[in-house]
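Protein chains: 4
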Amino acid sequence: MSGSSFGTLYRVSTFGESHCAGVGSVVDGCPPGLSLSEADIQTQLTRRRPGQSKVNTPRDEKDQVKILSGVENGKTLGTPIGLFVANEDQRPKDYGEMNQIPRPSHADFTYQEKYGIRASSGGGRSSARETIGRVAAGAIAEKWLHETYGVDIVAWVSACGDLEAGEVDASRITRDQVDANIIRCPDQTVADHMIEFVTSLREEGDSVGGVLNCVVRNCPIGLGEPVFDKLEAKLAQAMLSIPATKGFEIGSGFAGARMRGSVHNDPFTQKDGRLGTTTNHSGGIQGGISNGEPIEFRIAIKPPATISRAQPTATFSGEETVLEAKGRHDPFVVNRAVPIVETMTALVLMDMALMQRSRP
Amino acid sequence: MSGSSFGTLYRVSTFGESHCAGVGSVVDGCPPGLSLSEADIQTQLTRRRPGQSKVNTPRDEKDQVKILSGVENGKTLGTPIGLFVANEDQRPKDYGEMNQIPRPSHADFTYQEKYGIRASSGGGRSSARETIGRVAAGAIAEKWLHETYGVDIVAWVSACGDLEAGEVDASRITRDQVDANIIRCPDQTVADHMIEFVTSLREEGDSVGGVLNCVVRNCPIGLGEPVFDKLEAKLAQAMLSIPATKGFEIGSGFAGARMRGSVHNDPFTQKDGRLGTTTNHSGGIQGGISNGEPIEFRIAIKPPATISRAQPTATFSGEETVLEAKGRHDPFVVNRAVPIVETMTALVLMDMALMQRSRP
Amino acid sequence: MSGSSFGTLYRVSTFGESHCAGVGSVVDGCPPGLSLSEADIQTQLTRRRPGQSKVNTPRDEKDQVKILSGVENGKTLGTPIGLFVANEDQRPKDYGEMNQIPRPSHADFTYQEKYGIRASSGGGRSSARETIGRVAAGAIAEKWLHETYGVDIVAWVSACGDLEAGEVDASRITRDQVDANIIRCPDQTVADHMIEFVTSLREEGDSVGGVLNCVVRNCPIGLGEPVFDKLEAKLAQAMLSIPATKGFEIGSGFAGARMRGSVHNDPFTQKDGRLGTTTNHSGGIQGGISNGEPIEFRIAIKPPATISRAQPTATFSGEETVLEAKGRHDPFVVNRAVPIVETMTALVLMDMALMQRSRP
Amino acid sequence: MSGSSFGTLYRVSTFGESHCAGVGSVVDGCPPGLSLSEADIQTQLTRRRPGQSKVNTPRDEKDQVKILSGVENGKTLGTPIGLFVANEDQRPKDYGEMNQIPRPSHADFTYQEKYGIRASSGGGRSSARETIGRVAAGAIAEKWLHETYGVDIVAWVSACGDLEAGEVDASRITRDQVDANIIRCPDQTVADHMIEFVTSLREEGDSVGGVLNCVVRNCPIGLGEPVFDKLEAKLAQAMLSIPATKGFEIGSGFAGARMRGSVHNDPFTQKDGRLGTTTNHSGGIQGGISNGEPIEFRIAIKPPATISRAQPTATFSGEETVLEAKGRHDPFVVNRAVPIVETMTALVLMDMALMQRSRP
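Residue numbers (this note's numbering), protein chains in the order written: chain A, -16 to 343; chain B, -16 to 343; chain C, -16 to 343; chain D, -16 to 343.
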C-alpha cells in the first residue's frame, strides 16, 4: 500500500518521475479479448498533454505511449499490460538553483521530510507528469466500459476563478463539445472570458484555480461496495489523488447541506422500463451504490503553485528569502485535468464493475 | 475488497445490520502494549448514540461495547481486537409495511438491485448503526495517536441549513467546547438558532442538512502515501464513506478554486524550530503528505432522507404511491456525525502513521 | 496485512485467543441469497473439536457457533457475516507457572520477541483454538462451492508417524468413510494400528506427527490467478498457515522431482465431453490454474510440541532448566486437522471462483 | 488480486510475456536512500539466464535490465522503481505449428480455458521468462536486507532425479561455492554425476526434476505475521508460485511427520547472547515467526514439460495425436531456479521486515 497502486480487480500500478527514463503503469486485471491498440490509449494522453495552446505551457512533449505487454494481435490477453511513455524533455537545469528553497505549496518540503531524499529537480512524483500512467490505464478502462455497458464519461471546466459557466446539459454534453475551445468550457461566451483572463494572468506571472464538472451516463445499476468502498467514496479518493485538487462533491454537494429533506429526497418514478428518480440530488448514487441515474460530481482545483511573481518565503534551513521561479509555467491547468478526471473515473467504475460481476 | 474493511496496517473490518444480533468490528494491526479498556472506546460510542437530546431521535439504545479479544490485563496484545455492541432495540415492525416502497433517497432500491435481497426492515448496512464498528475501532486509533504524537482531532457543526457558525479558532477548539450544546456548534448564539430551527423541523416532519468542520492538530509531518493514497485522498474516501455525506474539501477547498496562486500559495517561515507556513490554504497537506500545519477539512451532509411528511413516489414495481413514514426520525444528524468524522479521521491517520514508521 | 485476514473477494478476518471472551471471524464477500444456518457451520466445527475420543484431549468444549450478522430469514444478505464461538473453558492457571520458560517448539519465545508482550497463558493466537474462525468461514464457502459447482473436498489421515495407510481411492473417498474411525484414516487395518500407537504415546507422555491427504473433486476449470496467486501457491500458503504444518506437496510432489518428463507429463485425452488427462501428476493444476482433474495434495504435520515428558531447555533469561508440562495434551492432532484442511481449501477455492466469475 | 502482484509494503507487480516488447516489474515501497545500480540487479538476472552451459538451453538472451524510474544519482527515491528487460529473441515460429495441440503438462489448455485466449506462441506468462521481473525486484530486496541486517540467502541443487547431494553445511555455504559447477550442486562428486546424467537426458530428448535447498542466515527475529501470513506460509506461496514447483517443506518437513515430539522439539539454550535452540527442526520459524535460527526449506521441482521425445496426446478438440516438440529445450532447470528461489525468498522477507518495522 505504498501508494502507487489503485484498484483491486482492475489494478493499476504507476511509476516514473519527471526526469527519469519515463513514466508509465502496469494494469493487472484487464479483461481478455478486448481490442486494444496504442491509438486507443493515445487520445486521452494527447488531451492531457501540455503545449496544446496559448493557455497552457508551451512545452512540446510527445507523450507517445508504448504497449509493452499483455496485448497480442490487437487483443488483450488478460495478462498485465505494461504501458510506457519515455521522458523526452528532461531539462533538470531549470530547477537546479532552487534546491535550497522549498517551493511554496509544492511538495518539495514534504517529500524531503517523508523520504529523506527527493528528486533533485522538478516535482518528482508530485508532478502532473505522474498522471500519464493513470490516464493510459484509465483509457483502457473507458474503452471496456463503453463497449460493455455504453458508459460515457465527460468532464468539463465549469469555473475559472470567479468566471462560471452557465448551465450545461449533463445528459447530452460530449467530449467534442468540451474540446471545441482550448479552455474546455462548453459555454463559449464564458470560455472566451476565461481565455482572456488566463492570458492576462500569464502576463502577470500569476495563476488561478477552477472547477471541473464530470458526468457518467449509462453507468450500470449496482456499482459500489458498501460501506468503505461506496462508489462516491472511491470517486472522492480518486479525485483527491489528482494533483492540486482541493474538494469533491457529489450530486447536491455542499448546496445539499442547506436543503430540507422534503426537497432533497429524489422521488422514484417509472422511467424507460426501470425505476428511476424524478430529481437527482443523490448524484446517481444511493447508499454508496449506483442507481442508474447520471453520476454527477464536481472537483475544486487550486491555482498552480508555480508562478513567476516573486514570493517571499524561507529556505529549507529557515532563512528568509525571495523565490523567483524561472522557466515554463501554466497559469491554469483545469482544462488539462479534464482527461485525468475522466480516466480516474473510469478506473473506479471498472474496478467496481468487475467486482459486481464476481457476485453471483 | 467487498467493502467492509478499511486500512492496511491498522485494518478494521466491520459487520452488522440494524436488526441482527449486533454490530461491531475486528481491528487487525493495533500496536501491542497499548493500555485499553472498554471505557476508552465507550466515550465516542456514547457521543454518536441517538436519544441524547430533543434534537435527536428519542431512542434509548445503550450501545455498550464489549472487547471480545486482543486485550489482556488492560493491554493490547498486538493480535486482532474483536469489538461488539449488541442490538437491543430491533423493532422490525416499524418498517414492515414499507417493503413494497423503496424509500426515496434511501438505499432500499440500490441494495435490492445490487444484492437481489435486502434486510427486510430498516436500512441494513446503510443505516447509521453500521458506523458503530468504525467508531469503536477509531477510538482505539485516537488513543494511540494521542499518546504517541499528541494528535488531537476535533470536529464540530459549522452549518445547519442556512445557519452558519461564526469563525471558530481551529487551533484551540476542544471537544468539551463542542459538546457544550446539544447541536455541537461552538458558536453558542448560532447554536441556539440551530436548535430552534431543528425543533421546528421536527414539528413539520421535515429535516435539514449541514456542514461539519474538522481539525487535526499535532499530526506528525510525513503522513500520506503518494500518489493514490495521498492523505487528502484517503480522508476524502473516509468521509464520503460516512452515510449521508455529499462533499469534502480540504484547506481552501472550493473557495480555493477562485483564488490566484500569488494569494493561495503558503509561504514558508521558521516556526517553533521547524519549517512551517504563514498561511494554511493547503490545509496541512502538500503533495499528499502532511506538512505539520493543522489539517483542516469540511464535510457536507445532506438532510436525513427519513421524514414524516407525505412523499409522492413509486413502488418497486413502478406504481405511483404516496409514502408516509411512521415512527422515529431525526430531523438533523450532523451533530451525531461529529464522533464518526473524528474516528474515521483517526483510522486514516493511524494507518498512515504505521505505514510511515515502516519506512526506514 | 497484519496477518489475520485471508482472501480478497471472499475475505475472512479472524480474531480471538484461547482465553479471552471468544474466537470468531468476519466474512466479507459471501454471495447473497445463500441458505445458511448455524447448523450448516457447526458440523465442521464439531469435527475439529477436541475431546471427541480417547485419541484426543478430553476437554469438553462446546464450540457452538453463533451467527452475529449478515443472515436474515435463513438467507445471506451479501453483507459481512459475523461468526462467534464463546470460550467456555479458560483455565489460565494451567499455564501460569511456565511463564518464565518458553515452551520448546511453541510460539512463546517468538510472540514475546515480536510483540514485546504475549498472552499470559496458553498459546494465544498460535493455539489451535484460533482455527475456529477459519473453519466456520470455510464451512460457508464449502456450502456455496458444493451447491454451485458440486465441489467435494475430502481430507484424511494418510500417515501417523511411520504408519502409512494403503492406497485410498481419491475419486470416491467420502467424509463418512473418513470419520468411520476416530483417527480418520480410511484404511481400517492401519487405523487400528495408529490408534494403538497413539494410545501408547499418551501413556509415554510423548507425541507424534503425521500426514494428511486432501482431494478436491469437481473443481471448475480455470481457477487460480497467475503468477503469484497460482492455485497451488495459495493452497500452499493456506496449508502452511495451519498450526504445526511443515510441508505441502501437490500432485507428484517431492516424488515428482525424481521423475523424467516423459513419465511425468500428463497426456491429454477426451474425457466425459471435455479435455482431460490420462494421468494426474499435475495434481489438477497446470500453470497455476485448475484443469478439471481432481486436485490432490498432501500436508506434513509435526508432532505436537506439548508433551508431558520432562524436557531440558532454558528460561527466557537463558538459564538451564527442565520443563515438565502438566495438564491436558494431545499426542496426535492430525485427525483434528482434517476439517481445518478442508475448510482452508474451501477458502482458497471460493476466493478464486469469485475472482474468475468477475472475468467477463 | 489478479495475480501479478506480490507483497504489501514492498510490492512488486510484474508484466510481460515471452514474445512481447519485454518483461519487467514495478517495485513500490523500496526504502529511500538505498544505493542502487543496474549492476546490482543484473547479477541475479544473469544467474537465471539460459544459455550458460551445456546443461541448459543454448539460447543467448542478454537480459540486460534497465531501471526506468525511482533511482536518481545512484540512490533510490522511495518512489516506484520501474524495471525492464527487452525481449531480444522472440522466434514465435518455433511454436506456431503446435497451436492445435495443448502441450502436455504445460499451461496451454488452462490459459485457453481461463482467459478464452492465449499467447499465440510460447508459454506466455507461464514461461520461465516471466520470472525476470521478480528476480530483478528481489535482487533489490536482497541488497537492502543484506545491508540492513546482514541477511544471507543461499539456495543450491540438492537433488537431480535420484541423485542426491551429500550433507551441505547450511551455516556456511556460499553462492560462490554453489556456482562452482554448472549444475549448482555443492557436492562436486555428485554434481559430476548430475551433469553426466543431464547430458545423457538431452541426448534422449527427455528431462528430469530435482530438489532445491535454501537457507537464510541472519534473519532478524520477529518476522512473519500470524496467522495467515506466517513466515512459512508466505514462503510456501512464494515458492509454489515459481513455475514447475510441486512441493515445499520447512525445517523437518515431511520427515518431521514421522518424528516424536520428544525428539522433534527444539530445546532452548543460551547462544551468542540470545536465546537460541540446540536443534532446528522448526527450520528457523516458530508460530509463524522467525526465531533467529537459520531458516531452512526445500522445494521440489518437476521435470520440464518440454521434451523432444514423441508424446501421444490429444488436440484441443479431443482428437488423438502425437506431439513431437522441436527447437530448444532444457532437460533440467533446477540449477536455473536457484536465483529465482533466492530472490523470491528476499521478497517475502523484505515485506515482513518492513511490516515488523511498522510495529511500534
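Quick reminder that beta carbons are idealized off the backbone N, C-alpha and C, glycines included.
Predicted, not measured: the structure shown is a model, and the values here were computed from it.
Cβ separation of B/Leu17 and B/Trp139, assumed to be a contact under 8 Å, to the nearest whole Å: What you label residue 17 of chain B is simply residue 34 of the second sequence in a count that begins at 1. What you label residue 139 of chain B is simply residue 156 of the second sequence in a count that begins at 1. Actually they are not in contact, since the Cβ atoms of B/Leu17 and B/Trp139 sit about 27 Å apart, beyond 8 Å.
Measuring straight from C-alpha to C-alpha, what distance separates D/Ser141 and D/Ile282? Here residue 141 of chain D is taken as the residue at index 158 of the fourth sequence, counted from 1. Here residue 282 of chain D is taken as the residue at index 299 of the fourth sequence, counted from 1. Between D/Ser141 and D/Ile282, the C-alpha separation is close to 10 Å.
C-beta neighbour in chain C for A/Met335, strict 8 Å: On the first sequence, position 352 is the one that residue 335 of chain A refers to. Answer no: the Cβ-Cβ gap between A/Met335 and chain C never drops below 8 Å.
Suppose you measure from the CA of B/Pro286 to the CA of B/Gly149; what does that come to, to the nearest Å? Residue mapping note: residue 286 of chain B aligns to position 303 of the second sequence, counting from 1. Residue mapping note: residue 149 of chain B aligns to position 166 of the second sequence, counting from 1. Rounded to whole angstroms, B/Pro286 to B/Gly149 spans 21 Å at the Cα level.
Under the assumption that C/Gly207 contacts C/Ile156 (Cβ atoms under 8 Å), give the Cβ distance between them as a whole number of angstroms. Looking up residue 207 of chain C in the third sequence gives position 224. Looking up residue 156 of chain C in the third sequence gives position 173. With 8 Å as the limit, C/Gly207 and C/Ile156 do not qualify as a contact, their Cβ atoms being about 23 Å apart.
Meets three-Cβ-pair contact criterion under 8 Å: the region 222 to 235 of chain D and the region 237 to 255 of chain C: Output reads yes: the region 237 to 255 of chain C touches the region 222 to 235 of chain D.
Consider the Cβ of C/Ser18: report whether some Cβ of chain A lies at a distance smaller than 8 Å. Here residue 18 of chain C corresponds to residue number 35 of the third sequence, with the count starting at 1. Chain A contact via Cβ: absent.
Do B/Arg(-12) and C/Arg(-6) have their C-beta atoms closer together than 8 Å? Within the second sequence, residue -12 of chain B is the residue found at index 5, counting from 1. Within the third sequence, residue -6 of chain C is the residue found at index 11, counting from 1. As written in the sequence, residue -12 of chain B is Ser, which differs from the Arg given in the question. Cβ distance < 8 Å, so B/Ser(-12) and C/Arg(-6) count as in contact.
Report the three-state DSSP secondary structure of C/Arg(-6) (helix, strand or coil). Translated into positions along the third sequence, residue -6 of chain C becomes position 11. Three-state DSSP puts C/Arg(-6) in a strand.
Residues that DSSP places opposite B/Leu195 in a beta bridge: If you number the second sequence from 1, residue 195 of chain B lands on position 212. Answer is B/Val140, B/Ile282, bridged to B/Leu195.
Chain B contact residues for C/Ser(-12), given Cβ-Cβ distances below 8 Å: As a first step, residue -12 of chain C is located in the third sequence; it is residue number 5 there, counting from the start. In chain order: Ser(-12), Arg(-6), Ser(-4), Asp11.
Contact residues within the region 186 to 201 of chain A, judged by C-beta distance below 7 Å to chain B: Asp189, Ser190, Val191, Gly192, Gly193, Val194
Segments of 3+ residues assigned as beta strand (DSSP E) that fall wholly inside the region 151 to 211 of chain B: As far as the region 151 to 211 of chain B is concerned, its whole beta strand (DSSP E) runs of at least 3 residues are 193 to 200.
For C/Glu55, count the other beta carbons within 10 Å of its own beta carbon; 16 or more makes it buried, fewer makes it exposed. Which is it? Locating residue 55 of chain C in the third sequence gives position 72, counting from the first residue. Buried, by the Cβ-count rule.
Cβ neighbour criterion (16 or more within 10 Å) applied to C/Arg101: One-based indexing of the third sequence puts residue 101 of chain C at position 118. Classification of C/Arg101: buried, given that the 10 Å Cβ count is 16 or more.
Residue-chain proximity (C/Leu128, chain B), Cβ-Cβ < 8 Å: Walking along the third sequence from the start, residue 128 of chain C turns up at place 145. No, because no Cβ of chain B sits closer than 8 Å to the Cβ of C/Leu128.
Are the beta-carbon atoms belonging to A/Ser(-15) and D/Asp11 less than 8 Å from one another? On the first sequence, residue -15 of chain A is found 2 positions in, with the first residue counted as 1. On the fourth sequence, residue 11 of chain D is found 28 positions in, with the first residue counted as 1. With contacts defined as CB atoms closer than 8 Å, A/Ser(-15) and D/Asp11 qualify as a contacting pair.
Can you give me the C-alpha to C-alpha distance between B/Cys168 and B/Val316, rounded to a whole angstrom? Translated into positions along the second sequence, residue 168 of chain B becomes position 185. Translated into positions along the second sequence, residue 316 of chain B becomes position 333. Put simply, the backbone Cα of B/Cys168 is about 13 Å away from that of B/Val316.
Looking only at C-alpha atoms, which of A/Ile123, A/Gly266, A/Val305 sits nearest to A/Thr25? On the first sequence, position 42 is the one that residue 25 of chain A refers to. One detail in the question is off: residue 25 of chain A reads as Gln in this sequence, not Thr. Per the Cα distances, A/Ile123.
Tell whether a beta-carbon distance below 8 Å holds between A/Lys58 and B/Gln220. By 1-based counting over the first sequence, the position of residue 58 of chain A is 75. By 1-based counting over the second sequence, the position of residue 220 of chain B is 237. No.
Please classify B/Glu215 as buried or exposed, where buried requires at least 16 neighbouring CB atoms within 10 angstroms. Counting from 1 along the second sequence, the entry for residue 215 of chain B is found at position 232. By the 10 Å Cβ count, B/Glu215 comes out buried.
State the CB to CB distance for the pair D/Ser265 and C/Ser88, rounded to an integer number of angstroms; the pair is presumed to be in contact (CB under 8 Å). Working through the fourth sequence from its first residue, we reach residue 265 of chain D at position 282. Working through the third sequence from its first residue, we reach residue 88 of chain C at position 105. About 6 Å separates the two Cβ atoms, so the contact holds.
Own chain partners of B/Leu306 with C-beta closer than 6 Å, once the 5 adjacent residues on each side are dropped: Locating residue 306 of chain B in the second sequence gives position 323, where the first residue counts as 1. Same-chain partners within the cutoff: Ile84, Gln294, Thr296.
Does any C-beta atom of chain C lie closer than 8 Å to the C-beta of B/Gly144? Counting from one through the second sequence, the residue named residue 144 of chain B turns up at place 161. Answer no: the Cβ-Cβ gap between B/Gly144 and chain C never drops below 8 Å.
Cβ neighbour criterion (16 or more within 10 Å) applied to D/Lys76: Locating residue 76 of chain D in the fourth sequence gives position 93, where the first residue counts as 1. Here the model assigns D/Lys76 a pLDDT of 46, short of 50, so the residue's position is not dependable, and the following value carries that caveat. Exposed, since its Cβ has fewer than 16 Cβ neighbours within 10 Å.
Just grab the DSSP bridge partners of A/Ala297 for me. Taking the first sequence and counting its residues from 1, the one referred to as residue 297 of chain A is at position 314. Beta bridge pairing from DSSP links A/Ala297 with A/Glu303.
Taking the beta strand (DSSP E) that D/Ile50 belongs to, which residues open and close that run? Within the fourth sequence, residue 50 of chain D is the residue found at index 67, counting from 1. That run of the beta strand (DSSP E) goes 48 to 50.
Using a Cβ-Cβ cutoff of less than 6 Å, which residues in the same chain neighbour C/Thr62 once the five nearest sequence positions on both sides are dropped? Numbered from 1 along the third sequence, position 79 holds the residue referred to as residue 62 of chain C. Taken in chain order, the residues that qualify are Gly53.
Would you kindly check if the distance between the Cβ of A/Ile136 and the Cβ of A/Ala336 is under 8 Å? As a first step, residue 336 of chain A is located in the first sequence; it is residue number 353 there, counting from the start. As a first step, residue 136 of chain A is located in the first sequence; it is residue number 153 there, counting from the start. Contact flag unset, no.
Between the beta-carbon of A/Ala182 and the beta-carbon of A/Ile323, is there less than 8 Å? Along the first sequence, one-based indexing puts residue 182 of chain A at 199. Along the first sequence, one-based indexing puts residue 323 of chain A at 340. The identity of residue 182 of chain A in the sequence shown is Thr, whereas the question assumes Ala. Contact: no.
Would A/Pro343 count as contacting chain D if we go by Cβ distances under 8 Å? The count along the first sequence starts at 1 and reaches residue 343 of chain A at position 360. Using beta-carbon distances, A/Pro343 does not count as an interface residue toward chain D, since no partner is under 8 Å.
So who's on the other strand from C/Glu55, going by DSSP bridges? The residue given as residue 55 of chain C occupies position 72 in the third sequence. C/Glu55 pairs with C/Lys58.
Buried or exposed: which applies to B/Thr172, given that a residue is buried once 16 or more other Cβ atoms fall within 10 Å of its Cβ? Here residue 172 of chain B is taken as the residue at index 189 of the second sequence, counted from 1. The residue in question, B/Thr172, is exposed, as its Cβ has fewer than 16 Cβ neighbours within 10 Å.
Verify whether the separation of the beta carbon atoms of B/Ala320 and B/Ile268 is less than 8 Å. Residue mapping note: residue 320 of chain B aligns to position 337 of the second sequence, counting from 1. Residue mapping note: residue 268 of chain B aligns to position 285 of the second sequence, counting from 1. Not a contact, by the Cβ cut-off of 8 Å.
Going by DSSP, which residues form a beta bridge with B/Leu146? Along the second sequence, read from residue 1 onward, the residue named residue 146 of chain B stands at position 163. In the DSSP output, where bridge partners are listed per residue, B/Leu146 has B/Cys143.
Just confirm the distance between the C-beta atoms of B/Asn70 and B/Gly5, as a whole number of angstroms; I'd bet it's less than 8 Å. Reading the second sequence from its first residue, position 87 is the one you call residue 70 of chain B. Reading the second sequence from its first residue, position 22 is the one you call residue 5 of chain B. Correct: roughly 5 Å between the Cβ atoms.
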